[in-house]
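Let me begin by presenting the structure, written as structure tokens, before commenting on it.
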Amino acid sequence: MIRFDNVHKRYSDGTHAVDGLDFEVEEGTTTVLVGPSGCGKTTTMKLVNRLEEPTDGTVYYDGTDVEALEATELRRRIGYVIQDIGLFDHMTVGENVATVPELKGWDADRTDERVDELLDLMGLPPGEYRERHPSDLSGGQRQRVGVARALAAGPDVMLMDEPFGALDPITREELQDEFIDIQREIDTTILFVTHDINEALKMGDRIAIMRDGKLVQYDTPTALLDEPKTKFVEEFVGPDRTLKRLRVLRVEEVMRPEVPDEYADIVDAFQGNDAVVADGGEIVPVAPTDSAQVALSRCIQAGVEALPVVEDSTVVGVVTESAIRNRQSEGA
Amino acid sequence: MTGVFGLLAATWAYLLANSDRFLELFREHLMLVFVSEAMAVAVAIPLGILATRNDRVKRVVETVGNVAQTVPTLAIIALMFPLLGLGFLPALVGLFVYALLPVLTNTIVGLENVDGGTVEAARGMGMSDWTILRKIRLPLALPVIFAGIRTSTVLNVGTAYLAFFIGGGGLGVWVIGGIQLFNTPQLIAGAVSGALLAVTLDGLLALAERRLGGEAGTGHAATS
Numbered sequence: 000m001i002r003f004d005n006v007h008k009r010y011s012d013g014t015h016a017v018d019g020l021d022f023e024v025e026e027g028t029t030t031v032l033v034g035p036s037g038c039g040k041t042t043t044m045k046l047v048n049r050l051e052e053p054t055d056g057t058v059y060y061d062g063t064d065v066e067a068l069e070a071t072e073l074r075r076r077i078g079y080v081i082q083d084i085g086l087f088d089h090m091t092v093g094e095n096v097a098t099v100p101e102l103k104g105w106d107a108d109r110t111d112e113r114v115d116e117l118l119d120l121m122g123l124p125p126g127e128y129r130e131r132h133p134s135d136l137s138g139g140q141r142q143r144v145g146v147a148r149a150l151a152a153g154p155d156v157m158l159m160d161e162p163f164g165a166l167d168p169i170t171r172e173e174l175q176d177e178f179i180d181i182q183r184e185i186d187t188t189i190l191f192v193t194h195d196i197n198e199a200l201k202m203g204d205r206i207a208i209m210r211d212g213k214l215v216q217y218d219t220p221t222a223l224l225d226e227p228k229t230k231f232v233e234e235f236v237g238p239d240r241t242l243k244r245l246r247v248l249r250v251e252e253v254m255r256p257e258v259p260d261e262y263a264d265i266v267d268a269f270q271g272n273d274a275v276v277a278d279g280g281e282i283v284p285v286a287p288t289d290s291a292q293v294a295l296s297r298c299i300q301a302g303v304e305a306l307p308v309v310e311d312s313t314v315v316g317v318v319t320e321s322a323i324r325n326r327q328s329e330g331a
Numbered sequence: 000m001t002g003v004f005g006l007l008a009a010t011w012a013y014l015l016a017n018s019d020r021f022l023e024l025f026r027e028h029l030m031l032v033f034v035s036e037a038m039a040v041a042v043a044i045p046l047g048i049l050a051t052r053n054d055r056v057k058r059v060v061e062t063v064g065n066v067a068q069t070v071p072t073l074a075i076i077a078l079m080f081p082l083l084g085l086g087f088l089p090a091l092v093g094l095f096v097y098a099l100l101p102v103l104t105n106t107i108v109g110l111e112n113v114d115g116g117t118v119e120a121a122r123g124m125g126m127s128d129w130t131i132l133r134k135i136r137l138p139l140a141l142p143v144i145f146a147g148i149r150t151s152t153v154l155n156v157g158t159a160y161l162a163f164f165i166g167g168g169g170l171g172v173w174v175i176g177g178i179q180l181f182n183t184p185q186l187i188a189g190a191v192s193g194a195l196l197a198v199t200l201d202g203l204l205a206l207a208e209r210r211l212g213g214e215a216g217t218g219h220a221a222t223s
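Residue numbers (numbering that gives the first Met the number 0), protein chains in the order written: chain A, 0 to 331; chain B, 0 to 223.
So, in structure tokens, the structure goes:
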């Protein structure tokens, strides 16, 4: 969807912000550019919507050299969310969200309908929020409006530059989780910039680690944790790789679809009940999309070896502590 | 106390006896203020926009503006005499020059203080420079520009008294004439009516400014 072909960006003061970048953001994935500040990740992102122009090399958008596209037209096809949010304080929330549809010349009815749909999606009931001014909203609500505004014209690509960076930790978690859900629904190609490796591991299908304008490693979160290619990546990822891997690993990847005899008791006890009291405490089942970290902590809490995996109120399998342990030692 | 009341009574009597003349001078004064102010706004805002888009224009504007600020008001009015002669028009031009600066400065400051993130978001969403100016920068700078117009207008009411010196008419005729002739009721009638005019205009413009500020959300933005 977006391809960087030997892209360089040098500034007149001699800074080599992007140094020979070669990689492709695949369609439908969330690709996270991560690295320490000054590594060129934001510049790289801005090369896509031509807020920056490469001094050398080519950026392709859907197979076309971006230089061949009209900048304003290109930008209207790409959703853009920044850390500062940049809401227009003199306009209502509804008018903010309607910005790109209006630039594209949509008719008023279609725009209104779309604005309401997006405010609903972002958990801001239109009846209550559409006519309000951004300055009346909390930081989290403002960034919700920012995301809704970027999604308004149904972009093929979203560029998100530290979108949750200015929020408090609780609101940030909340918005990350919600955005992961929204992302499944809208199925857009996303290029996401952050300096926070945990956010990168959580949000990304692919992670591109950058340093001094160069791409150091481009991999899936699991591969990155299992095989950091350089000392720098290893340090950047942090010493707690095993714990991080637990967060990235999903229950569906380690669960057993059939229930072995020795765990039949647990599953039987669960049938028809939301939670079951065992020796150690309450057994709460997990969902296939939960992380291995959640499964493991519930096992420890309840003092059991295994947990039922439940989807749409039926037991679809079992996840055991040993299965998680085995998977972890394979990786390490 | 009787002295003050006596003076006020004499002033009131003078006003009533000369109401036709008063209305004429008051109208002249208003004309001087409003026409010069309108001209100043019409020139200062486009010039301010130009200055924020071109560094050379900005440097020239700022230098000229700073020098102009050091020239006494009376000197600017007096300077018009050798250039344009006597009468209403030279007075108008002098007041225009004097009214220009506050509007110009506030236009530049207002436009430059628009949040960088807001402008970047607008550009990133595909707005052209012209659209950004029209739909983002100017509306957000409007309360600041308007504050400049308010300051300039109120100052202008006071400066317009000096129009008398080059035959521009206005309430200065009574005030300065009153001083020269020791006609205190005439002096006070001319001075108080101008003061009331300044206070009234200031209040009205402040009201309008608050409404503008409320719409632009800047009143809230300052606290968030």
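C-beta atoms are modelled at their ideal positions from N, C-alpha and C, and glycine is treated no differently.
- Cut-off 7 angstroms between Cβ atoms - residues of its own chain near Leu50(A), not counting five sequence neighbours on either side: Within the first sequence, numbered from 1, the residue matching residue 50(A) stands at position 51. Closer than 7 angstroms at the Cβ level, and outside the excluded window around Leu50(A), lies no residue.
- Query: Name the DSSP bridge partner or partners of Val33(A)?
  - Reply: Here the question's residue 33(A) lines up with position 34 in the first sequence. Under DSSP, Val33(A) forms a beta bridge with Thr193(A), Ile208(A).
- Could you check what DSSP says for Thr43(A) in three-state terms: helix, strand or coil? Within the first sequence, the letter at position 44 stands for residue 43(A). Secondary structure of Thr43(A) (DSSP, three-state): helix.
- Item | Rounded separation between Arg2(A) and Ala67(A) - CA only | As a position in the first sequence, residue 2(A) is number 3, starting the count at 1. As a position in the first sequence, residue 67(A) is number 68, starting the count at 1. Roughly 15 angstroms between the two C-alpha positions.
- Query: What are the boundary residues of the beta strand (DSSP E) that Asn105(B) is part of?
  - Reply: Indexing the second sequence from 1 puts residue 105(B) at position 106. Counting along the chain, no beta strand (DSSP E) covers Asn105(B); the unbroken alpha helix (DSSP H) around it starts and ends at 87-111.
- Query: Is the Cβ of Leu200(B) closer than 9 angstroms to any Cβ of chain A?
  - Reply: Mapped onto the second sequence, residue 200(B) falls at position 201. Chain A, which has no Cβ nearer than 9 angstroms to the Cβ of Leu200(B), makes this no.
- Thr117(B): contacting residues in chain A (beta-carbon distance under 8 angstroms): Indexing the second sequence from 1 puts residue 117(B) at position 118. Simply Asp83, Gly85, Leu86, Phe87, Asp88.
- Item | Interface residues of chain A facing Leu203(B) [CB-CB closer than 7 angstroms] | As a position in the second sequence, residue 203(B) is number 204, starting the count at 1. None at all; the shortest Cβ gap to chain A is about 22 angstroms.
- Of the residues Thr110(A), Ile299(A), Val253(A), Val192(A), which one's Cα is nearest the Cα of Ser36(A)? As a working note, residue 36(A) is residue 37 in the first sequence. If we check each option's Cα against that of Ser36(A), Val192(A) comes out closest.
- Message: So, does the stretch 66-80 of chain B touch the stretch 17-33 of chain B, judging by three or more C-beta pairs under 8 angstroms?
- Response: The answer is no - the stretch 17-33 of chain B does not touch the stretch 66-80 of chain B, with fewer than three Cβ pairs under 8 angstroms.
- Mind pulling the beta strand (DSSP E) runs of 3 or more residues that sit fully within the stretch 277-328 of chain A? With a minimum length of 3 residues, the continuous beta strand (DSSP E) runs that stay inside the stretch 277-328 of chain A are 305-310, 313-319.
- Have a look at the DSSP bridge pairing and note the partners of Arg49(A). As a position in the first sequence, residue 49(A) is number 50, starting the count at 1. Arg49(A) pairs with nothing; no bridge assigned.
- At what residues does the alpha helix (DSSP H) containing Thr62(B) begin and finish? Counted from its first residue, the second sequence places residue 62(B) at position 63. For Thr62(B), the enclosing alpha helix (DSSP H) covers residues 54-69.
- Item | Backbone secondary structure at Thr158(B) - three-state DSSP | As a first step, residue 158(B) must be located in the second sequence, where it is residue number 159. Helix at Thr158(B).
- Three or more C-beta pairs below 8 angstroms linking the stretch 51-59 of chain A and the stretch 237-253 of chain A: By the criterion of at least three beta-carbon pairs nearer than 8 angstroms, the stretch 51-59 of chain A is not in contact with the stretch 237-253 of chain A.
- Task: Please compile the residues from chain A whose C-beta is within a distance smaller than 8 angstroms of the C-beta of Gly93(B).
- Result: The sequence position of residue 93(B) within the second sequence is 94, counting from 1. For Gly93(B), none of the residues of chain A pass the 8 angstroms Cβ criterion, the least Cβ distance being about 36 angstroms.
- Tell me, which residues are paired with Phe22(A) by DSSP? Residue 22(A) sits at position 23 when you count from the first residue of the first sequence. Note: Phe22(A) sits in a beta bridge opposite Phe3(A).
- Task: Could you work out which residue in Gly34(A), Val114(A), Gly104(A) is closest to Gly93(A) when comparing CA atoms only?
- Result: Indexing the first sequence from 1 puts residue 93(A) at position 94. Each of Gly34(A), Val114(A), Gly104(A) was checked against the Cα of Gly93(A), and the nearest Cα belongs to Val114(A).
- Task: Reducing DSSP to helix, strand and coil, say where Phe10(A) ends up.
- Result: Position 11 of the first sequence, counting from 1, holds the residue named residue 10(A). Residue 10(A) is actually Tyr in this sequence, not Phe. Coil at Tyr10(A), not helix or strand.
- Query: To the nearest angstrom, how far is it from the Cα of Ala194(B) to the Cα of Ala188(B)?
  - Reply: The count along the second sequence starts at 1 and reaches residue 194(B) at position 195. The count along the second sequence starts at 1 and reaches residue 188(B) at position 189. Their Cα atoms are separated by approximately 10 angstroms.
- Query: What's the call for Trp11(B), buried or exposed, on a 16-neighbour Cβ count within 10 Å?
  - Reply: Against the second sequence, residue 11(B) aligns to sequence position 12. By the neighbour-count criterion, in which a residue is buried when 16 or more other Cβ atoms sit within 10 angstroms of its Cβ, Trp11(B) is exposed.
- Task: Provide the residue span of the beta strand (DSSP E) that contains Ile179(A), from first to last.
- Result: By 1-based counting over the first sequence, the position of residue 179(A) is 180. Element bounds for Ile179(A): not the beta strand (DSSP E) but the alpha helix (DSSP H), 168-185.
- Query: Going by other Cβ atoms of all chains shown within 10 Å of its Cβ, with 16 needed for buried, is Ala107(A) buried or exposed?
  - Reply: Looking up residue 107(A) in the first sequence gives position 108. Under a 10 Å Cβ-count criterion, Ala107(A) is classified as exposed, with fewer than 16 other Cβ atoms of the shown protein chains found around its own Cβ.
- Rounded to whole angstroms, what's the CA-CA distance from Gln216(A) to Leu223(A)? Just pull it up for me. For the purposes of this step, residue 216(A) is taken as residue 217 along the first sequence, with counting starting at 1. For the purposes of this step, residue 223(A) is taken as residue 224 along the first sequence, with counting starting at 1. Our two residues, Gln216(A) and Leu223(A), have alpha carbons roughly 8 angstroms apart in a direct line.
- Query: Which residue or residues does DSSP assign as beta-bridge partners of Val247(A)?
  - Reply: Working through the first sequence from its first residue, we reach residue 247(A) at position 248. Val247(A) pairs with nothing; no bridge assigned.
- Item | Partners in chain A for Ile135(B), counting only beta-carbon separations shorter than 7 angstroms | Counting from one through the second sequence, the residue named residue 135(B) turns up at place 136. The answer, in chain order, is Phe87.
- Item | Beta-carbon proximity check, Val264(B) vs Gly85(A), cutoff 9 angstroms | Since the first and last residues shown for chain B are 0 and 223, residue 264(B) lies out of range.
- Going by DSSP, what residues sit across from Tyr59(A) in a beta bridge? The sequence position of residue 59(A) within the first sequence is 60, counting from 1. Bridge partners of Tyr59(A): Arg2(A), Asp64(A).
- Item | Every unbroken alpha helix (DSSP H) inside the stretch 84-146 of chain A [4 residues or more] | With a minimum length of 4 residues, the continuous alpha helix (DSSP H) runs that stay inside the stretch 84-146 of chain A are 92-96, 98-102, 107-120, 125-128.
- Specify whether the stretch 186-203 of chain A and the stretch 236-251 of chain A touch according to this definition: at least 3 beta carbon pairs, one from each stretch, less than 8 angstroms apart. Look at the beta carbons and you see the stretch 186-203 of chain A touching the stretch 236-251 of chain A: at least three pairs across the two are nearer than 8 angstroms.
- So which residues of chain B does Glu72(A) contact, with C-beta pairs closer than 9 angstroms? The residue given as residue 72(A) occupies position 73 in the first sequence. Taking a Cβ-Cβ threshold of 9 angstroms, the residues of chain B close to Glu72(A) are Gly125, in chain order.
- Output the distance between the C-alpha atoms of Ala221(B) and Gly115(B), rounded to the nearest integer angstrom. Start at 1 with the first residue of the second sequence, and residue 221(B) comes out as number 222. Start at 1 with the first residue of the second sequence, and residue 115(B) comes out as number 116. Here Ala221(B) scores only 33 on pLDDT, less than 50, and its place in the model should not be relied on; the value that follows carries that caveat. So the two alpha carbons sit approximately 16 angstroms from each other.
- Query: Is it the case that the CB of Thr28(A) approaches a heavy atom of the ligand FMN more closely than 8 angstroms?
  - Reply: The model depicted lacks the ligand FMN and carries no ligand whatsoever.
- Task: Can you pull the chain B residues whose beta carbon is under 7 angstroms from the beta carbon of Val96(A), in chain order?
- Result: Taking the first sequence and counting its residues from 1, one reaches residue 96(A) at position 97. Within 7 angstroms Cβ-Cβ: nothing; Val96(A) doesn't reach chain B, min ~11 angstroms.
- Message: Just checking: is the beta-carbon of Tyr128(A) within a distance shorter than 9 angstroms of some beta-carbon in chain B?
- Response: For the purposes of this step, residue 128(A) is taken as the residue at position 129 of the first sequence. Not an interface residue.
- Query: What number of angstroms, rounded off, separates the C-alpha of Glu320(A) from the C-alpha of Glu304(A)?
  - Reply: Numbered from 1 along the first sequence, position 321 holds the residue referred to as residue 320(A). Numbered from 1 along the first sequence, position 305 holds the residue referred to as residue 304(A). A direct Cα-Cα distance of roughly 6 angstroms separates Glu320(A) from Glu304(A).
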